[in-house]
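In the working numbering, the protein residues as written are 8 to 342.
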């Protein structure tokens, strides 16, 4: 029975690779074409990278930046010799929630390449444990809904939660959901040479793509993309590796042709046409996204907190116009 199941998986994976081969035969997009997609877009997208410790999230950001800018990039610190030890014994380099504006492309380079104003930001964070606990989902909920600001220490938040046993204190400390911090897409990063973190994947899906209910007929839907890193460390002719790849796609619930890639992060900052091809799918404003529905009052409150000077200026202007209008009416009726 086990042999027949393995054969079935290998046949199914054969179809997956045929689809990927067809995809690779398409015209490879250029950086310019990727930029042009966002020229008419108003919404600013934030793409969150999620994975376990050592999956290669920060290295992936460097590769994305290098691919788009055409220059080697080491913006995100990488390596397995971080100074912060996780409880599972592995060291992590990234400990904070870090924004890389315009995918980490330098300001001068943005002008030279005419990078659109609404080009997406990348958001890096510390590696998470392969669990599907309520605490972890609460943390992801706060990040995805835009409560946690840039450069906040994620381990510090986890330590506070563990000490107090409740996320209510965190919600009191970060009560407001900023529109500019909300996550629009998720890039799940996993290692090809390690077991698939299925519990963490489930945790992410529960938060990013929850089921609807009678009270919420239009639930949040944040698209998930996936990449397997360290592809040079495995033999892709090995049936077990192909099964692992199949598991990854199945757990994420994604299509190999449009939402997945085998991804190699080169220490020298080199990139290939396959990197550009995947980024043309990830960096597309046409991907369906459904954010949380906000009331008018809630939206106005978020806008006030996010841009207080602009909001107050507009409010004063509206009040002044209204005052002038009603004053003219009273003078008219008075005469």
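By construction, the Cβ of each residue, glycine as well, lies at the ideal position given by its N, Cα and C atoms.
Computed from a predicted structure; not experimentally measured.
Relative to the C-alpha of residue i, which candidate in the options has its C-alpha closest?
i: residue 121; options: 218, 112, 157; result: 112
i: residue 247; options: 38, 199, 169, 237; result: 199
i: residue 230; options: 151, 67, 331; result: 151
i: residue 202; options: 47, 241, 44; result: 241
i: residue 288; options: 193, 326, 208; result: 193
i: residue 44; options: 124, 251, 163; result: 124
i: residue 239; options: 85, 269, 66, 212; result: 269
i: residue 266; options: 295, 84, 118, 249; result: 295
Below 8 angstroms CB to CB, which residues in the same chain sit around residue i once its five sequence neighbours on both sides are set aside?
i: residue 245; result: none
i: residue 116; result: 76, 78, 122
For residue i and residue j, I'd like the C-alpha separation in whole angstroms.
i: residue 321; j: residue 328; result: 11 angstroms
i: residue 217; j: residue 146; result: 15 angstroms
i: residue 197; j: residue 70; result: 15 angstroms
i: residue 323; j: residue 154; result: 28 angstroms
i: residue 297; j: residue 274; result: 36 angstroms
i: residue 210; j: residue 35; result: 34 angstroms
i: residue 163; j: residue 326; result: 44 angstroms
How should residue i be labelled, buried or exposed, when 16 other C-beta atoms within 10 angstroms of its C-beta is the threshold for buried?
i: residue 140; result: exposed
i: residue 143; result: buried
i: residue 243; result: exposed
i: residue 131; result: buried
i: residue 279; result: exposed
i: residue 37; result: exposed
i: residue 52; result: buried
i: residue 8; result: In this prediction, residue 8 has a pLDDT of 46, which is less than 50 and means its spatial position is unreliable; what the coordinates show is noted afterwards. By the 10 Å Cβ count, residue 8 comes out exposed.
i: residue 110; result: buried
i: residue 107; result: buried
Report all residues from its chain with a CB closer than 7 angstroms to the CB of residue i; omit the five preceding and five following residues, and keep chain order.
i: residue 214; result: 144, 147, 148, 151
i: residue 204; result: 59, 137, 197
i: residue 73; result: 79, 80, 276, 278
If you follow the beta strand (DSSP E) that residue i is in, where does it begin and where does it stop?
i: residue 128; result: 128-131
i: residue 196; result: 192-198
i: residue 55; result: 53-58
The alpha helix (DSSP H) spanning residue i covers which residue range?
i: residue 238; result: Counting along the chain, residue 238 falls outside any alpha helix (DSSP H), and DSSP gives it neither H nor E.
i: residue 354; result: The shown model of the chain, from 8 to 342, leaves out residue 354, and the question about it has no answer.
i: residue 269; result: Note, residue 269: premise wrong, no alpha helix (DSSP H); beta strand (DSSP E) at 267-269.
i: residue 175; result: 175-180
So, for residue i: in the same chain, excluding its five sequence neighbours on each side, which residues have a beta-carbon less than 6 angstroms away from its beta-carbon?
i: residue 158; result: 103
i: residue 55; result: 130, 190, 193
Given 6 angstroms as the limit, tell me if residue i has its C-beta closer than that to any heavy atom belonging to the ligand SAM.
i: residue 133; result: Looking for the ligand SAM in the displayed structure turns up nothing, as the structure carries no ligands at all.
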